[in-house]
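Chemist: One structure coming up, written as structure tokens, with questions to follow.
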Amino acid sequence: MDERGREILAKADADQVRFVSLQFTDLFGTVKNVTIPVGKLAVVLQSGENFDGSSIEGFARICESDMVLRPDLDTYCVLPWTATHERTARLICDVHDTEGQPFAGDPRFILRRVLDQAREMGFSYNTGPEVEFFLFKMDGEPRLRPVPQDVGSYFDFSPRDLASQVRNEIALSLQAMGIEVEATHHEVAPGQHEIEFRYADALTSADAVVTLRYAIKAAAHSHGLCATFMPKPLLGVNGSGMHTHQSLFTLEGRNAFFDPEDPYRLSRLAYNFIAGQMAHARALAAVVAPTVNSYKRLVPGYEAPVYICWGQINRSALIRIPGYLPGLGEGSARCELRCPDPSANPYLAFAAMLATGLDGIRRDLTPPPPVEENVYEFDSAELRSQEIASLPGTLEEALQELEQDQVIAEALGEHTFRRYLEAKRLEWDEYRIQVTAWELDRYLTTL
Ligand code: GLU
Ligand code: MG
Numbered sequence: 213m214d215e216r217g218r219e220i221l222a223k224a225d226a227d228q229v230r231f232v233s234l235q236f237t238d239l240f241g242t243v244k245n246v247t248i249p250v251g252k253l254a255v256v257l258q259s260g261e262n263f264d265g266s267s268i269e270g271f272a273r274i275c276e277s278d279m280v281l282r283p284d285l286d287t288y289c290v291l292p293w294t295a296t297h298e299r300t301a302r303l304i305c306d307v308h309d310t311e312g313q314p315f316a317g318d319p320r321f322i323l324r325r326v327l328d329q330a331r332e333m334g335f336s337y338n339t340g341p342e343v344e345f346f347l348f349k350m351d352g353e354p355r356l357r358p359v360p361q362d363v364g365s366y367f368d369f370s371p372r373d374l375a376s377q378v379r380n381e382i383a384l385s386l387q388a389m390g391i392e393v394e395a396t397h398h399e400v401a402p403g404q405h406e407i408e409f410r411y412a413d414a415l416t417s418a419d420a421v422v423t424l425r426y427a428i429k430a431a432a433h434s435h436g437l438c439a440t441f442m443p444k445p446l447l448g449v450n451g452s453g454m455h456t457h458q459s460l461f462t463l464e465g466r467n468a469f470f471d472p473e474d475p476y477r478l479s480r481l482a483y484n485f486i487a488g489q490m491a492h493a494r495a496l497a498a499v500v501a502p503t504v505n506s507y508k509r510l511v512p513g514y515e516a517p518v519y520i521c522w523g524q525i526n527r528s529a530l531i532r533i534p535g536y537l538p539g540l541g542e543g544s545a546r547c548e549l550r551c552p553d554p555s556a557n558p559y560l561a562f563a564a565m566l567a568t569g570l571d572g573i574r575r576d577l578t579p580p581p582p583v584e585e586n587v588y589e590f591d592s593a594e595l596r597s598q599e600i601a602s603l604p605g606t607l608e609e610a611l612q613e614l615e616q617d618q619v620i621a622e623a624l625g626e627h628t629f630r631r632y633l634e635a636k637r638l639e640w641d642e643y644r645i646q647v648t649a650w651e652l653d654r655y656l657t658t659l
């Protein structure tokens, strides 16, 4: 065993770890886990843990189901909510086949592959996601009804409020897991909250999003609450987004998006990147806003984007350039993509976002002029005259766009691209044949 392996064994011993949760994600970003007693860790660090991948969504067929989990030692941390007698550490794993090759359907590998392409072009890719979510009371079990846990709104503060306790607990457990939380606050809708953490390279951020989702669920559960990352659980109020701040750094560590001479403090390269994401936005939506429900969020009036444009003060735009704060220096030059939501698989989302941005760089694309007005208020004539297109209105429309998109197809790879489209079409078809409560209210007695 190498030195890193021995270090992890020593850490697990010092932390009095009893179990190790070996984790990876399926096609949808759902965390999958195999738990081993700590006594088996040395063997797993040497030779990996074999598992049968045939029942994992988007993984292998029966005839090629033997797979191996290879722990990424940089991801070691103790799950702070586990009790002493069953203290559990987690390691996020890469998925290999039995020949030792990375498995083409492993979302982490897909992101790594696009990150490698960026590196060949001389860049590392940083992302800083802002994850929004709701806390609901567990009313109506076994079928939960979304009853907001509080009546707060944007930035509300109430020291005795249970929600702020839950948020603090979440922040503490994330910090204990090595995730640097920058801010937490109440969001606009009742029961809605946001956690922001410090930007990092996209692989670290994607790992953090996955971790954050279950850490939030664990903290909510301990207060008898249900945390949800469903993009639009309540009609008539804001939904939950996962706006993602992005920048490319040179391999020497300089922010390649920064240009002090530009009015938005952005470089030509940043504009190329923005133009690339705008050119692919309708197909990109299928990956970053991947559920039927995602498209109930992407409607006018709730600070979620609908129109494919960019601007600085414009929260209705798809891409926003956050105001430049001189104190933060050049590192803070970035663009914020606002269409992702927290139901996305962050590995696939960041892979597709990076690939479309790089495509803009390769093709030297220029974005249209910025739009600083509230685009929600534009009528169709105004949208047409400024040539502003819309994001897809449904998952089905987004999937049609995705199917045509060569750049995202290549980023996801043949295996995952095909399985993703198949799985999402099934999701859409299942939804399409539902008879909803809205239809019954609207038609049952009137027709
Ligand atoms: N919740 C809004 C969304 O769905 C965003 C609110 C904000 O600007 O933070 O994207
Ligand atoms: Mg927010």
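For the sequence shown, the working numbering begins at 213 and goes up steadily by one. Every residue, glycine too, gets a C-beta built ideally from N, C-alpha and C.
Measuring only from the beta carbon, is E406 closer than 6 Å to any heavy atom that is part of the ligand MG?
Modeler: E406 Cβ: within cutoff of the ligand MG.
Chemist: Pick helix, strand or coil for R546, following the three-state DSSP scheme.
Modeler: Residue state, collapsed to three classes: coil.
Chemist: What whole-angstrom Cβ distance do Q361 and A375 have, given they're in contact under 8 Å?
Modeler: That belief holds up - the Cβ atoms of Q361 and A375 are roughly 6 Å apart, short of 8 Å.
Chemist: The ligand MG heavy atoms versus the CB of A344: any closer than 6 Å?
Modeler: The question names Ala, but residue 344 in the sequence shown is Glu. Yes, the ligand MG has a heavy atom inside 6 Å of this Cβ.
Chemist: State the CB to CB distance for the pair P358 and P445, rounded to an integer number of angstroms; the pair is presumed to be in contact (CB under 8 Å).
Modeler: 5 Å between Cβ atoms; contact.
Chemist: Using three-state DSSP, classify L624 as helix, strand or coil.
Modeler: The answer is helix: DSSP assigns L624 an H, G or I state.
Chemist: Should N450 be counted as a contact of the ligand GLU given a C-beta to heavy atom distance under 6 Å?
Modeler: Yes, since a heavy atom of the ligand GLU falls inside the 6 Å radius drawn around the Cβ of N450.
Chemist: What is the residue span of the beta strand (DSSP E) that M454 lies within?
Modeler: From DSSP, the beta strand (DSSP E) with M454 extends over 454-462.
Chemist: Who does K349 pair with in a DSSP beta bridge?
Modeler: For K349, which the question treats as bridged, DSSP gives the partners V359, L437.
Chemist: Could you tell me the boundaries of the beta strand (DSSP E) in which Y519 lies?
Modeler: It spans 519-523 - the beta strand (DSSP E) in which Y519 sits, taken as one unbroken run.
Chemist: DSSP three-state label for L595, please.
Modeler: In this structure, L595 counts as helix in the three-state DSSP scheme.
Chemist: Any heavy atom of the ligand GLU closer than 6 Å to the beta-carbon of E515?
Modeler: Yes.
Chemist: Cα separation between W522 and F231?
Modeler: Using only the alpha carbons, I get a separation of about 48 Å.
Chemist: Just the Cα atoms here: how many angstroms apart are C289 and E589?
Modeler: Cα-Cα distance, rounded: 48 Å.
Chemist: Under 7 Å between the Cβ atoms of T339 and F562?
Modeler: Contact flag set, yes.
Chemist: Restricting to Cα atoms, I'd like to know which of G541, L566, L510 is closest to R527.
Modeler: Minimum Cα distance to R527 is reached at L510.
Chemist: For the alpha helix (DSSP H) that contains K244, what are its first and last residues?
Modeler: Premise fails: K244 lies in the beta strand (DSSP E), 243-249, not in any alpha helix (DSSP H).
Chemist: Using the DSSP secondary-structure output, state which residues sit across from I712 in a beta bridge.
Modeler: Only positions 213 to 659 of the chain appear in this structure, which leaves residue 712 out of reach.
Chemist: CA-CA distance, L595 and V518?
Modeler: Taking the straight line from one Cα to the other gives about 12 Å.
Chemist: Cβ-heavy atom distance between G453 and the ligand GLU below 6 Å?
Modeler: True, at least one ligand heavy atom lies under 6 Å from that Cβ.
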